[in-house]
Structure formats: C-alpha cells, structure tokens
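**Student:**
Protein chains: 2
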Amino acid sequence: MTNLQVRAEALTEIAHKTRQAALKLGNLTTETKNQALKAVAEALTAATPEIVAANIADCQAAETAGVAKPLRDRLKLDETKLQGAIAGILDVAKLDDPVGAVQMHRELDAGLILKRITCPLGVLGVVFESRPDAVMQIASLAIKSGNGVILKGGKEAIHSCTALVKAIRQGLATTEVDPEAVQLLTTRGEILELLNLDKYVDLIIPRGSNSFVRFIQENTKIPVLGHADGICHLYADKEADLAKTVAIALDSKTQYPAACNAIETLLIHRDIAAQFLPAIAATLQQAGVELRGDAPTCQILPEIHPATPSDWETEYTDLILSIKVVESLEEAISHINQYGSRHTEAIVTENPDTANLFLAEVDAAGVYHNCSTRFADGFRYGFGAEVGISTQKMPPRGSVGLEGLVTYKYQVVGNGHIVADYSGSNGKSFTHRDLST
Amino acid sequence: MTNLQVRAEALTEIAHKTRQAALKLGNLTTETKNQALKAVAEALTAATPEIVAANIADCQAAETAGVAKPLRDRLKLDETKLQGAIAGILDVAKLDDPVGAVQMHRELDAGLILKRITCPLGVLGVVFESRPDAVMQIASLAIKSGNGVILKGGKEAIHSCTALVKAIRQGLATTEVDPEAVQLLTTRGEILELLNLDKYVDLIIPRGSNSFVRFIQENTKIPVLGHADGICHLYADKEADLAKTVAIALDSKTQYPAACNAIETLLIHRDIAAQFLPAIAATLQQAGVELRGDAPTCQILPEIHPATPSDWETEYTDLILSIKVVESLEEAISHINQYGSRHTEAIVTENPDTANLFLAEVDAAGVYHNCSTRFADGFRYGFGAEVGISTQKMPPRGSVGLEGLVTYKYQVVGNGHIVADYSGSNGKSFTHRDLST
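Heads up: the sequence lines are chains Z and W, in that order.
With the first letter of the first sequence counted as 1, position 376 gets the number 376 in the UniProt record's numbering; the numbers rise by one all the way through.
With the first letter of the second sequence counted as 1, position 200 gets the number 200 in the UniProt record's numbering; the numbers rise by one all the way through.
Pasting the structure below:
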C-alpha cells in the first residue's frame, strides 16, 4: 500500500466519522444546537491566548517566507478580530433554524399524509485560503444547520486553524454535539482527496480568489456553492436620471472595488452618452478610477484609453471601468447576457416599462433598478448570514443564507396503504387536500 | 475545418436561437402560454395521419433490424396513444404557472424593495431512448415553464420524433411562442455535443435506462435531473404489524417491479424474523418473486437461494427480492444509508418513536412509514406532472414537478440608493421589513 493510499483511507475514515456525527447533529433541537454554539464561543474565548499565539507564529512564518502584505493582512487574527468572530457565532445562534420547516403538508388520501420537510445536507467540505476566521463562521453555520463540516485551510494558516478547531471541539465536547462533527485537514494533498469524496461530502464551499474557486469547480463532482467571476454591469438608459446615474456608477465601482458585486463595465445609451459621460467621467476619475472606452466613448472622452475586446470579459477587482455606448436597451441586455457572469446587473432609468423588460430579460441572480449593485449581499438582504454567492442557474442562486445548507425530504405516513388499491378502473382516488403547514 | 467542427458550430447556432426564443417565451403571460399549448394540441391532432405513418416506418425498421420486443413496444405510437399524449398536453395547460411566484418580498429601507421571483431556467436539454411520446410531454412542460427545449431522441424513433416536432412547431407558429423554442437534434454524435453546451443549456433531463442516465451524468458539467439507480428498502421493525408488512412488501415489490421505486431488499428485525418470514415468503413466492436470503434468513427459509454481497447493491428491476435479518433499527438505518440510492425507503412499525427515528436518520428523498414505496411519484403526490425523480442531495429532490424547471432571481428596485449611505459609524440602518408575498 502506498503512502497516498494510506492517506486516502484515513480521510475516508474521517469523512465517515463526520457523517455519523452529522446524522445525530441533524436531529438535535434548535435549543440544543444554540447551546452548543454558546459553548463553542466560550471555549474560543478561553483559548484566546493559545489562538493568538498560534496566529503570531503563522504570521511570522509568512513574513519569513516573503508572503505578500495583503495576504498577510488577511491571515492576521488578533484579539479584537477574534472577539468579533466569537460575537458572530453568538449571532448565528440567534438566527432562525433552517431545519424542520414544513414546506408542504398534504393529505393524499384518508390516513395517508405527505409532508416535505427541510433537513441538513449532511457533510460540508469547506476549502479556504488564508483567512483563519472563516473556520469560526463556517463551523457555526454548519452546527446551526445540522451539518458536519470538514475544513481545509491554507498551509500558511495551519497553526491558527489547528488552535481554532481544537477550541471548537473542546467546546462541543461539553454539549450534545459530537466533536467529530467538525474536522480539520492539515495535509496539503488532502484538497484533491476531499474533492473526490462525493460519497461522503454533499456540498463544497470554497472561500478564496477567483482562480482558486475555478480550480475547485473544475476538480469535483460534488456541488459547489460559489462563484469564480463577478463581471457586473450598470446600464444607463436613454431615460436615466443624470444625478442617480453618477451616484450609482460611483458607488457600484468604488465603494469596494475588490468585491464581486462591483461593476466592471458601464453601458450607456447613445442618446445620452454625450451629455452624461463627461459628468460620470469627472466623478469617477476624481475617485481614482481609470476609464477605458469603446470608439464612440473615446470620441466623447478623448483623453481615456481605448477598450479592447478583452475588457468586456475582465473582472478588474480594481479601480478600472470599461465603458461602451449601446444603440438600444436590447443591445445592452444582449451584451450583459453574453459577457456578464450572472451575478448582479443594474439599470438606471425613469421608465418603468424599460426597467421591467431589463429585469425580466437579463439573466442574472440579481437584477437591479435605480440602485447600486453593491447591495447584493446576504446581510444587506437581511439573511443574517451569507454562506456564499452562487452564480449557477439552479437554486440556491445569488446571495445564499443558511437555507443554502439544507435540503428536504418527502415523508409519507400511512396505515398500511398500498398503491394497488389506487390502480385500475375501480381504483380509489387520491384526495390531494392541502393541510396547513 | 473538420466535419465535427461544422456540426458543433451548427449546434451552437441552434442553441443560440433556442436561447433567444426562450428569452421571449419566459416573459409571456400564463394565458398566452396556455393558448400556445392548445394550438400545439390542435396541430398534433391535425397531423395524426403523418405522425402515425412515421411511427409505423420506425417500428418496421426496428423489426427489420431485430430490435427486441419490449423496446419495440415502447417505440410504438398508435392513434390511441397519441390521443392520450395530446390530452396530456391540455392537462399541462391546466397546471399552475410555476413562473412569477414571489417567494420573498422585503423592504430593505424606505423605497428600496427586494423581491425573489421565480423565473424559467432558460434552455432544457432532453435526451431520451425510444419512447417518442416523451417529445410531447417534455415540450409541453417546457412551454408551460417558459423554457426553450432541445430534444434528442434515439435513432430508432427518428421519423416519429421528426413528425411530432414538425407538428409542434407548426402549432407554435400560429401563437406568440417562437417555434425556435422547440428543437430536435437528429444526428447521432449530437448527444455528446449537447452535453458540452454548458454555456447554452441550463438543465439536462435524461429519460431512459439506468446505464443511459449514468452515461449522461458522467459526461456533462450541466446539472442533470434524474437518477441512475433505484435501490429501495423495506424495513420490518420488531414492532411491525404482520398483515401490513405482508401487504406493503407485496405491493412495494410486485405492483410494478421495473419501477425505480420498487423495493430490492427487505430488512427484517431478528425478533420477528422467524414469525414473519414464512408468511411474507409464501405471499411473495405466490406472486412469482424469487427470494435470496442472508444466512439467518436461509435458516428460517431453507428452500431459498443464499444472497451474496452483490445482492445488497443490485437493482433487479425484476421479480427478485433479497432479504436480510438485522439486529436493530440502527443496523437497518446503517444498511440503508450504505446501500440505498437515496430514492425511497420505508419502515413498517407500530411504534411512532421508532418510525420517527427512521424518518429522521435515513438519508433518502422519500422516507415512508407504514405504506408502500410505490407511492413515490409526482402524480400520486398531486403535482399534476412529473418532470423526473432526482436522487441528488440538493433540491430539487425526489419527485420533481414543474417547479423543477424554474429558478429565481433577486430583484432590487430603488430610487438612487447607494451602499455608501449605509456604511461607516453614521451609516443608515436597513429596515428589513417583510411585506406580503
């Protein structure tokens, strides 16, 4: 047996243990799960010195290894950040329990009752880069939703993650939740092995750069909750209000340029381009935004760089904006449906019919009218938590809260009912009477 | 350019046309879509002679080619079967429209409104073996749910499918639905090309044998609505009622043995095995069922064949049943979670606590108590239609009705709202007030 086989078997065993623990966790009451979250928060508070020390070791090793400053900033977990994350765990305890919701309740016939009830997915696989605070957020969301979780952090955060998971499991050991429900993988090769565990892992949640997420998506058959790209557009219609257009363009581009819901391209109707573009350009340039325009845009704004075709398919995640003049609403919709990543797309217009056509025909998780694309966020939507943002077509789509971590079962309860009695010309009929949910 | 490239480009063009037609179809009112369904039904009725003649040609070619009788039976589409399928289209017109349902309606702040609204998936890819009537069922479900559809039938049904799709498109040409919304692929290599069109096709629905579905699942990155296996169990608990156990075992195995929701294995608690097994065996053997037992079963029923380990993972789709004696409820659950295909699993018991533990811990789309697994069906559940049965974990799961053909969008409508106003220590707060849906 080779070393790889030994490790693969060990991981299968870990996954099996997680699954068994998750089966029991999935059955616990809301109250019991919330108590477990409080115990986890207390254990993390008590372990603060060890966690902070472990994080300092990680940060020093990263500095020695010449890791770039932005990555080292994300790696850092001081006492203040840790306290914030622990407060976040207590917030998760306050959220509604996504498990046990009766989505359907129907009498099929006298004494034969169908219910559709939400239940945990089972085991989550979470892979992330740098940020060790993801451990606490994801573990608490997993416990609340009744799921086991296998965590795999970046090697630069190994001491921090180990200290965090140790404290979390110590906290769980004092509760009804089996600590085996939360696992940490620490070996490098284990990412690919984890992605192959489709028999044991029900959902992969990646946290990291676009290329990291794309790598995950392309290397697993397990469903992935995430998005690789965020190419979002703002379309200024011929009946747009100038002040709103300028304010929304500025906010959508600059309020947090690295966010996936920031815009990369401004589309503008030709009828207003000459009037609007100078004002938009002045405001954005003052905010430090580099503009790149197509030929008609450059005629109006001769000082900016010309855009090349690759600009329409680039997520800058930076203070850069491409601008394209369009002939019509239809051309704007068509451009967005071709180049957008189905994330969040906005129109500015005072014409409600135009807005409604845009909202209907643009294919994206979020379609916005007269507001900034930056509102696309689980907390701003009032979900209390954001598990991830999905740009796939099937639900869950867009900002996904706790409900993205549950599925459902159909329960049918009878009293000896058989299908033969409902078959043939003299068969009984179904009543199909909806009962209260 | 090779021949393959030529075909691939043509298919991309077809897919693009379907997508454009679907975009408009997705915006039509319920009334308009129902009118289109009626026009399709009329056109099919008018084309009956051509369709029946085309089907006779297919059936004769199949007979000449030595195609097996069961497959030829599925291929057959005479006038009676055609009329039944046309009636089915008019039934689809009567179903609730799955598009446009407001699932969430929330004020984020004054004048900033979030809605989550169901919308079509876009374009469905449907691949099926033999049965040409699938064309009519799937095309009508697609139109009702606002989706375009690309159909690929088996080569043995090519004349029938061509005549059916021609009539469907002729019917649509008299309505507001662009006939390009319904396409038929007729070349053999096109299945794999279709499975590669993840930019254009949002969901693949396979209709055919287990191995056919498995082939589809393993050869596409597009989500697949279907199931390869149906390994379902019945567990007779130590507190089971004998009469119910016998009746449910008989119905679950023999009412339609080739169905995916028929049982393959009976698990029985050791405390009742000696008492129950002779009665169960007598009834099942009288119905022509071959029994295969583990060692304890064979001690009680010495005349039956011993089961081998491969029996626990086999879907017989035939009058064969494996039987295993278990020590406990936990062993039954553990066996089912290991060997079941997450389809439909049933327990017979008079103890409600035992039943509830089974319903909670068995990981399957359908968990049943004191009734036959054969109830797992969209029509019996009252969905009006069954698009497919999914054994994946994420929703849609189990029997999937029209709602499986839609997704949702988040719409946010404001009046110039920007995120910067809600940021920082003096930022505005969100109201997050739920409005009526």
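All C-beta atoms, glycine included, are put in the ideal place defined by N, C-alpha and C.
Take phenylalanine 212(Z) and list the residues in its own chain whose beta-carbon comes closer than 7 angstroms to its own, dropping the five residues that flank it on each side.
**Tutor:** Glu129, Pro206
**Student:** Excluding five sequence neighbours on each side, which residues of the same chain lie with their C-beta closer than 7 angstroms to the C-beta of valine 6(Z)?
**Tutor:** Bear in mind that the predicted position of valine 6(Z) carries a pLDDT of just 48, short of 50, making it too unreliable to give a figure here.
**Student:** Does DSSP put arginine 72(W) in a helix, in a strand, or in coil?
**Tutor:** helix
**Student:** Using a Cβ-Cβ distance cut-off of 7 angstroms, determine whether lysine 244(W) contacts chain Z.
**Tutor:** yes
**Student:** Counting along the chain, where does the beta strand (DSSP E) carrying valine 326(W) start and finish?
**Tutor:** Unbroken beta strand (DSSP E) run through valine 326(W): 320-326.
**Student:** Got a sec? Which residues, its chain only, sit under 7 angstroms from aspartate 271(W) by beta carbon, not counting five neighbours each side?
**Tutor:** Lys238
**Student:** So which residues of chain Z does serine 372(W) contact, with C-beta pairs closer than 7 angstroms?
**Tutor:** His417, Ile418, Val419
**Student:** Using the DSSP secondary-structure output, state which residues sit across from tyrosine 368(Z) in a beta bridge.
**Tutor:** BP columns for tyrosine 368(Z) point to Ala346(Z), Val412(W).
**Student:** Would you report the Cα separation of alanine 157(Z) and glycine 401(Z), rounded to the nearest angstrom?
**Tutor:** 26 angstroms
**Student:** Does any CB atom of chain W fall closer than 7 angstroms to the CB of glutamine 411(Z)?
**Tutor:** So, interface residue.
**Student:** Work out the CA separation of histidine 432(Z) and aspartate 133(Z) for me, nearest whole Å.
**Tutor:** 49 angstroms
**Student:** Taking only beta carbons into account, state which residues of the stretch 345-370 of chain Z come closer than 9 angstroms to chain W, listed in chain order.
**Tutor:** Ala346, Val348, Ala355, Leu357, Leu359, Ala360, Glu361, Val362, Asp363, Ala364, Ala365, Gly366, Val367, Tyr368, His369, Asn370
**Student:** Use the C-beta contact count for serine 425(W): other C-beta atoms within 10 angstroms, 16 or more gives buried, fewer gives exposed.
**Tutor:** exposed
**Student:** Can threonine 317(Z) and alanine 287(Z) be called in contact, C-beta distance under 7 angstroms?
**Tutor:** no
**Student:** Using a C-beta to C-beta distance shorter than 7 angstroms, which residues of chain W count as neighbours of glycine 398(Z)?
**Tutor:** Within 7 angstroms Cβ-Cβ: Tyr410.
**Student:** Closer than 9 angstroms by beta-carbon distance: list the chain W residues that pair up with glycine 122(Z), in chain order.
**Tutor:** Asp363, Lys393
**Student:** Quick one: is the Cβ of serine 399(Z) within less than 6 angstroms of any heavy atom of the ligand MN?
**Tutor:** In the structure on display, the ligand MN does not appear, and there are no ligands present to speak of.
**Student:** When burial is assigned at 16 or more other CB atoms within 10 Å of the CB, is alanine 385(Z) buried or exposed?
**Tutor:** Classification for alanine 385(Z): buried.
**Student:** Give the interface partners of glutamine 255(Z) over in chain W, defined as CB-CB distance under 8 angstroms, in chain order.
**Tutor:** Counting only Cβ-Cβ distances below 8 angstroms, glutamine 255(Z) has contacts in chain W at Ile418, Val419, Ala420, Ser423, in chain order.
**Student:** According to DSSP, is phenylalanine 430(W) part of a helix, a strand, or is it coil?
**Tutor:** coil
**Student:** Look at the alpha carbon of alanine 376(Z) and the alpha carbon of leucine 359(Z), and state the distance between them as a whole number of angstroms.
**Tutor:** Using only the alpha carbons, I get a separation of about 15 angstroms.
**Student:** What three-state label does DSSP hand histidine 105(W) in the structure shown?
**Tutor:** strand
**Student:** By DSSP, does serine 310(Z) sit in helix, in strand, or in coil?
**Tutor:** helix
**Student:** Name the chain Z residues whose beta carbon is nearer than 8 angstroms to that of phenylalanine 430(W)?
**Tutor:** Arg380, Gly382
**Student:** Whose C-alpha, out of Glu180(Z), Lys221(Z), Arg214(Z), is nearest the C-alpha of leucine 194(Z)?
**Tutor:** Lys221(Z)
**Student:** What does DSSP give as the partner residues of cysteine 232(W) in its beta bridges?
**Tutor:** Ile263(W)
**Student:** Provide the residue span of the beta strand (DSSP E) that contains lysine 183(Z), from first to last.
**Tutor:** Note that residue 183(Z) corresponds to glutamine in the displayed sequence, not to lysine. Per DSSP, glutamine 183(Z) belongs to the beta strand (DSSP E) from 182-185.
**Student:** Can you find a C-beta in chain W that's less than 7 angstroms from the C-beta of threonine 407(Z)?
**Tutor:** yes
**Student:** Looking at the C-beta of glycine 414(Z), does it have a partner C-beta in chain W at a distance below 7 angstroms?
**Tutor:** yes
**Student:** Any Cβ of chain Z within less than 7 angstroms of the Cβ of asparagine 3(W)?
**Tutor:** The predicted model places asparagine 3(W) with a pLDDT of 44, which falls under 50 and marks its position as unreliable, so this point remains unresolved.
**Student:** Please classify isoleucine 222(W): does DSSP put it in a helix, a strand, or coil?
**Tutor:** Reduced to three states, the DSSP call for isoleucine 222(W) is coil.
**Student:** Say whether chain Z places a C-beta atom closer than 7 angstroms to the C-beta of proline 223(W).
**Tutor:** yes
**Student:** Return the Cβ separation of tyrosine 368(W) and valine 412(Z) in integer angstroms, given the expectation that the two are a contact with Cβ distance under 8 angstroms.
**Tutor:** 5 angstroms
**Student:** Is serine 436(Z) close to chain W? Criterion is C-beta to C-beta, closer than 7 angstroms.
**Tutor:** Not an interface residue.
**Student:** Tell me whether the beta-carbon of valine 362(W) lies closer than 7 angstroms to the beta-carbon of isoleucine 320(W).
**Tutor:** No Cβ-Cβ contact shorter than 7 angstroms links valine 362(W) with isoleucine 320(W).
**Student:** Roughly how many angstroms separate the alpha carbons of valine 348(W) and cysteine 371(W), rounded to a whole number?
**Tutor:** 8 angstroms
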